[in-house]
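Colleague: Per numbering that gives the first Met the number 0, the sequence shown starts with residue 0, numbered consecutively.
Provided herewith is a single structure, encoded as structure tokens, for subsequent inquiry.
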Amino acid sequence: MKIFINTKKDILLSIVAIVAQFKTAEAVVYHTDSIENGTILHAFSWSFNTIKQRLPDIRNAGYTAIQTSPIQECFIGDNGNKYFGNWIFEYQPISQNIGNYIVGTEDEFKSLCDEAKKFGIKIIVDAVLNHMTTDINNCAPEWRDQNLFHEPKGIDNWNDRYEVTQRDLVGLRDIKTQNPDYQQKVLDMLKRILADGASGFRYDTAKHIELPDDPDYGSQFWPTVLNNGAEFQYGELLQDDTSRDTAYANYMKITASNYGDSILSALNDNDFRAERVMNYNADVHPDRLITWVESHDNYSNDDQKTVYLTNEQIKLGWALIASREQTTPLFFSRPLGGGGGNPQFPNQSQLGDEGDPLYKDASVAAVNFFRNAMVGENEYLRNPNEDSKVLMIERGKKGVVIINLNQDQLNLESVTNLADGDYVNPTNNDTNTNKFKVADSKITGTLLGRSVTVLYNDETPSDSSGNETSGNISINLGMNDETSRNIIINSSVSDDGAEDVGSNEFQDHHHSFKLYFEKPSSWGNDTFAYLYNEIGTIVVELTQWPGKSMTKINNNDNNNIYSVDISSGFDGSSIIFNDGDNQAPEIGNLGYIIQSNGLYNSNGFLKTYEETSDDHN
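What follows is the structure, given as structure tokens:
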């Protein structure tokens with residue numbers, strides 16, 4: 000692989016770990032097509048252009064979807080100052096036009112959605128439908144009619160559902176959501192956003208909008224606006240005596256805020272007893288729930304409910320909620336440098352900027368990919384040796400995530416449902432402590448202090464007592480910490496000690512498509528397509544260097560276009576075109592993102608290519 004190295008000899012000299020856990024790359028590169036089966040990154044107050052720039056990182060961290068901040072035209076407060084504490088103005092719409100000074104324009108949103116599709120990532124939009132800004136005179140002219148709103152009166156009794164649904168929330172003017180004309184306007188806006196490329200919605204303050212069976216003031220708002228054709232929709236319900244969880248869940252997925260509180264409590268007490276963290280504390284089926292360690296409300300509001308959480312605590316909590324079988328977990332991206340002993344908004348970034356890099360941490364990414372690979376596998380939670388500080392989340396016989404809340408390293412010995420075999424923890428680069436063995440339904444290995452261990456195989460591991468040991472070689476490709484990459488290459492070692500370094504390319508369980516490359520005239524005769532996938536700091540080879548041989552699509556000397564058949568399962572992975580010596584992109588750059596039927600040249604993606612009869616003359 001010629002990101003930083005040249006030959007197989009260089010590869011073998013760069014080995015830093017042997018016998019990694021995956022027999023093929025399939026378990027690692029798998030991205031779920033379903034939002035509910037994957038994970039959502041809440042790109043809180045990132046602009047559309049910022050999200051677009053970070054799509055490679057987001058893809059490589061294993062997220063299935065990105066949730067944007069509200070995209071409606073909003074009140075420009077504090078003279079447009081983008082101090083992060085002014086995030087509240089995003090939630091003060093003044094019209095149903097798309098685009099605002101924080102996230103960007105509608106055209107930029109369309110561009111984001113188009114680009115995200117190339118990465119296999121879906122976009123969820125936060126929609127504010129319950130209210131407008133505090134003073135309707137600041138709204139667009141068509142929204143200054145008092146008849147569109149309930150009387151300007153605040154909520155006095157938070158246990159009175161009528162007040163919660165029909166009065167102003169913290170001074171924000173409450174819209175008459177019973178109005179059929181308004182319902183149609185909302186539906187039209189949502190359909191427009193979907194037409195722009197979005198796949199779903201999060202509905203802000205959903206419990207503040209009445210349901211059809213609310214006495215005297217009920218409406219058809221939710222049945223009407225939810226009939227928009229979106230793939231994924233959920234409502235924000237901060238659970239209490241008036242939230243009517245079960246009733247709302249009949250219409251959409253809902254947030255499990257009580258479970259988030261349970262996770263906070265367990266983290267504070269350093270206690271992950273299975274019986275304590277198992278119950279979602281909602282009278283609805285778990286597949287109707289959105290879970291989190293923290294949300295933008297409990298981080299960004301004045302009470303600063305979760306600001307104290309450290310990055311370490313967030314990673315430990317995320318490992319728990321994201322490795323479980325049901326619910327859809329949401330990872331909240333904090334402002335850069337915020338929390339965990341630092342101020343809530345430390346002025347290291349402003350509205351529109353990328354959040355803290357914790358969202359792409361190696362252990363967060365490893366858990367995301369674990370979740371993607373475990374779709375359809377039942378869960379089992381256990382505390383080995385009744386240790387409340389060690390929790391195993393097992394998924395069938397296929398994989399396990401182990402969370403160690405203890406400060407110290409400890410030796411694990413526990414019964415397990417995991418299939419017998421040898422496993423390696425990708426979140427730990429120390430070859431002395433990252434190996435685990437399962438034999439006779441017992442797992443042994445070393446857990447680092449305050450750590451997340453991720454173990455799984457895509458298929459049942461071979462018996463280690465056999466004549467051949469299958470595994471992988473982990474290779475460091477980096478020159479320094481900033482550019483470091485690890486690569487996993489499939490290998491086998493026979494009884495005589497001879498090692499066969501082979502390709503990780505797995506059987507094609509998908510349909511195929513073609514990729515095309517316009518080879519520079521200065522290159523040699525042979526042309527190859529080298530495929531790989533990046534997971535945090537780990538690179539997994541999908542083909543052995545130099546890659547799959549490409550074929551010229553015709554004999555016309557004026558046409559230097561070559562093609563190769565690719566499995567659709569590789570869509571969104573990365574590719575390097577080369578002739579064995581030259582390569583595109585150049586050495587030191589990451590590969591191009593694979594796009595179905597894409598035509599590339601040495602500068603990158605050009606367009607979707609369709610062969611014609613002329614190509615074969």
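A virtual CB, placed ideally from N, CA and C, is assigned to each residue, including glycine.
What you are looking at is a predicted structure, and each value in this text was computed from that prediction instead of being measured.
CA-CA distance, Arg160 and Ile65?
Modeller: For the purposes of this step, residue 160 is taken as residue 161 along the sequence shown, with counting starting at 1. For the purposes of this step, residue 65 is taken as residue 66 along the sequence shown, with counting starting at 1. In a straight line, the C-alpha of Arg160 is about 32 Å away from that of Ile65.
Colleague: According to DSSP, which residues form a beta bridge with Asp564?
Modeller: Start at 1 with the first residue of the sequence shown, and residue 564 comes out as number 565. Asp564 pairs with Lys513.
Colleague: Could you check where the alpha helix (DSSP H) with Cys112 kicks off and where it finishes?
Modeller: On the sequence shown, position 113 is the one that residue 112 refers to. Unbroken alpha helix (DSSP H) run through Cys112: 105-117.
Colleague: Hey, could you find the ends of the alpha helix (DSSP H) Glu311 is sitting in?
Modeller: Here residue 311 corresponds to residue number 312 of the sequence shown, with the count starting at 1. Element bounds for Glu311: 310-322.
Colleague: If you draw a straight line from the C-alpha of Leu530 to the C-alpha of Thr254, how long is it?
Modeller: As a position in the sequence shown, residue 530 is number 531, starting the count at 1. As a position in the sequence shown, residue 254 is number 255, starting the count at 1. So the two alpha carbons sit approximately 38 Å from each other.
Colleague: Is Gln232 buried or exposed, if buried means 16 or more other CB atoms sit within 10 Å of its CB?
Modeller: As a working mapping, residue 232 is identified with position 233 in the sequence shown. Gln232 should be labelled buried.
Colleague: Could you tell me which residues DSSP puts in a beta bridge with Gln71?
Modeller: Counting from 1 along the sequence shown, the entry for residue 71 is found at position 72. Looking at the DSSP assignment, Gln71 forms a beta bridge with Ile97.
Colleague: Nearest-angstrom Cα distance between Phe74 and Pro92?
Modeller: Within the sequence shown, numbered from 1, the residue matching residue 74 stands at position 75. Within the sequence shown, numbered from 1, the residue matching residue 92 stands at position 93. For Phe74 and Pro92, the distance between alpha carbons rounds to 6 Å.
Colleague: Within 10 angstroms of the Cβ of His644, are there 16 or more other Cβ atoms? Answer buried if so, exposed if not.
Modeller: For the chain, the structure presents residues 0 to 616; residue 644 sits outside this window and is missing.
Colleague: Mapping DSSP to helix, strand and coil, what is Trp45?
Modeller: Reading the sequence shown from its first residue, position 46 is the one you call residue 45. Strand.
Colleague: For the ligand MN, is there any heavy atom lying closer than 6 Å to the beta carbon of Arg370?
Modeller: Annotation note on the ligand MN: not contained in the displayed structure, which lists no ligands.
Colleague: So Tyr202 packs on Glu235, CB below 8 Å; how close in whole Å?
Modeller: Taking the sequence shown and counting its residues from 1, the one referred to as residue 202 is at position 203. Taking the sequence shown and counting its residues from 1, the one referred to as residue 235 is at position 236. Right, the Cβ-Cβ distance comes to about 6 Å (below 8 Å), so this counts as a contact.
Colleague: Could you round the C-beta distance between Leu514 and Gly597 to whole angstroms and report it? I think they count as a contact, below 8 Å.
Modeller: Start at 1 with the first residue of the sequence shown, and residue 514 comes out as number 515. Start at 1 with the first residue of the sequence shown, and residue 597 comes out as number 598. Between Gly597 and Leu514 the Cβ distance is about 6 Å, and since that is below 8 Å, they are a contact.
Colleague: Taking the straight line between their C-alpha atoms, what separation do you get for Asp270 and Asn158?
Modeller: Counted from its first residue, the sequence shown places residue 270 at position 271. Counted from its first residue, the sequence shown places residue 158 at position 159. Taking the straight line from one Cα to the other gives about 32 Å.
Colleague: Measure the alpha-carbon distance for Tyr608 versus Asn559 and round it to whole angstroms.
Modeller: Along the sequence shown, read from residue 1 onward, the residue named residue 608 stands at position 609. Along the sequence shown, read from residue 1 onward, the residue named residue 559 stands at position 560. C-alpha separation (whole angstroms): 14 Å.
Colleague: Check whether the region 379-391 and the region 400-408 are in contact - that is, three or more C-beta pairs closer than 8 Å.
Modeller: In short, these stretches touch, since the Cβ pair count reaches three.
Colleague: If you follow the beta strand (DSSP E) that Tyr455 is in, where does it begin and where does it stop?
Modeller: The residue labelled residue 455 in the question sits at position 456 within the sequence shown. It spans 450-455 - the beta strand (DSSP E) in which Tyr455 sits, taken as one unbroken run.
Colleague: Are Pro328 and Ala321 closer than 7 Å when you measure CB to CB?
Modeller: As a working note, residue 328 is residue 329 in the sequence shown. As a working note, residue 321 is residue 322 in the sequence shown. Closer than 7 Å, so yes.
Colleague: Looking only at its chain, what residues have a beta carbon closer than 7 Å to the beta carbon of Asn36, apart from the 5 residues adjacent to it on each side?
Modeller: Numbered from 1 along the sequence shown, position 37 holds the residue referred to as residue 36. Around Asn36: Val374.
Colleague: Near Ser242, what residues of its chain come up, given a Cβ to Cβ distance below 7 Å and the 5 sequence neighbours on each side ignored?
Modeller: Working through the sequence shown from its first residue, we reach residue 242 at position 243. For Ser242, where only same-chain residues beyond five positions count, the Cβ hits under 7 Å are Lys206, Leu236.
Colleague: Grouping DSSP H, G and I as helix and E and B as strand, with all else coil, what is Met251?
Modeller: Here residue 251 refers to the residue found at position 252 when the sequence shown is read from its first residue. If DSSP states are grouped into helix, strand and coil, Met251 belongs with coil.
Colleague: Rounded to the nearest angstrom, how far is the Cβ of Gly339 from that of Asn310, given a contact under 8 Å?
Modeller: Numbered from 1 along the sequence shown, position 340 holds the residue referred to as residue 339. Numbered from 1 along the sequence shown, position 311 holds the residue referred to as residue 310. That pair is a contact at about 6 Å.
Colleague: Could you tell me whether the Cβ of Asp215 comes closer than 7 Å to any Cβ of chain D?
Modeller: The displayed structure is made up of one protein chain only, and chain D is not part of it.
Colleague: Just to confirm, are Leu171 and Thr223 a CB contact at a threshold of 7 Å?
Modeller: Counting from 1 along the sequence shown, the entry for residue 171 is found at position 172. Counting from 1 along the sequence shown, the entry for residue 223 is found at position 224. No.
Colleague: Once the 5 residues before and after Pro151 are set aside, which same chain residues still bring their CB inside 8 Å of it?
Modeller: Here the question's residue 151 lines up with position 152 in the sequence shown. If we look at Pro151 and ignore the five residues flanking it on each side, its Cβ neighbours are Asp167, Arg172.
Colleague: Which runs of the beta strand (DSSP E), 3 residues or longer, sit entirely within the region 578-608?
Modeller: 597-600, 603-607, all fully within the region 578-608.
Colleague: Taking C-alpha atoms, which residue in Tyr100, Ser68, Tyr90 lies nearest to Asn78?
Modeller: Here residue 78 refers to the residue found at position 79 of the sequence shown. Comparing Cα-Cα distances from Asn78 to each of Tyr100, Ser68, Tyr90, the minimum goes to Tyr100.
Colleague: With DSSP collapsed to three states, give me the class of Tyr181.
Modeller: As a first step, residue 181 must be located in the sequence shown, where it is residue number 182. Three-state result, Tyr181: helix.
Colleague: Given a threshold of 16 other Cβ atoms within 10 Å of its Cβ, counted over all protein chains shown, does Tyr599 qualify as buried or as exposed?
Modeller: The count along the sequence shown starts at 1 and reaches residue 599 at position 600. Buried, by the Cβ-count rule.
Colleague: From what residue to what residue does the alpha helix (DSSP H) around Pro55 run?
Modeller: Stepping through the sequence shown from its first residue, residue 55 is reached at position 56. 54-59 is the extent of the alpha helix (DSSP H) around Pro55.
Colleague: Please report the straight-line C-alpha distance between Tyr455 and Glu376, rounded to a whole angstrom.
Modeller: Position 456 of the sequence shown, counting from 1, holds the residue named residue 455. Position 377 of the sequence shown, counting from 1, holds the residue named residue 376. Looking at the two C-alpha atoms, the distance is approximately 12 Å.
Colleague: Leaving out five residues before and five after Gln95 in sequence, what residues of the same chain have Cβ atoms less than 7 Å from its Cβ?
Modeller: The count along the sequence shown starts at 1 and reaches residue 95 at position 96. The answer, listed in chain order, is Gln71, Lys184, Met188.
Colleague: Exposed or buried, which one is Asn85 when buried takes at least 16 other CB atoms within 10 Å?
Modeller: Against the sequence shown, residue 85 aligns to sequence position 86. By the 10 Å Cβ count, Asn85 comes out buried.
Colleague: Glu107 and Asn48: beta carbons closer than 7 Å?
Modeller: Walking along the sequence shown from the start, residue 107 turns up at place 108. Walking along the sequence shown from the start, residue 48 turns up at place 49. Taking 7 Å as the Cβ cut-off, Glu107 and Asn48 qualify as a contacting pair.
Colleague: So, for Glu610: in the same chain, excluding its five sequence neighbours on each side, which residues have a beta-carbon less than 6 Å away from its beta-carbon?
Modeller: If you number the sequence shown from 1, residue 610 lands on position 611. Excluding sequence neighbours, Glu610 sits near nothing in its chain.
Colleague: Could you say which of Pro519, Ile575, Thr176 lies nearest to Thr542 if we only look at CA atoms?
Modeller: As a first step, residue 542 must be located in the sequence shown, where it is residue number 543. Closest by alpha carbon: Ile575.
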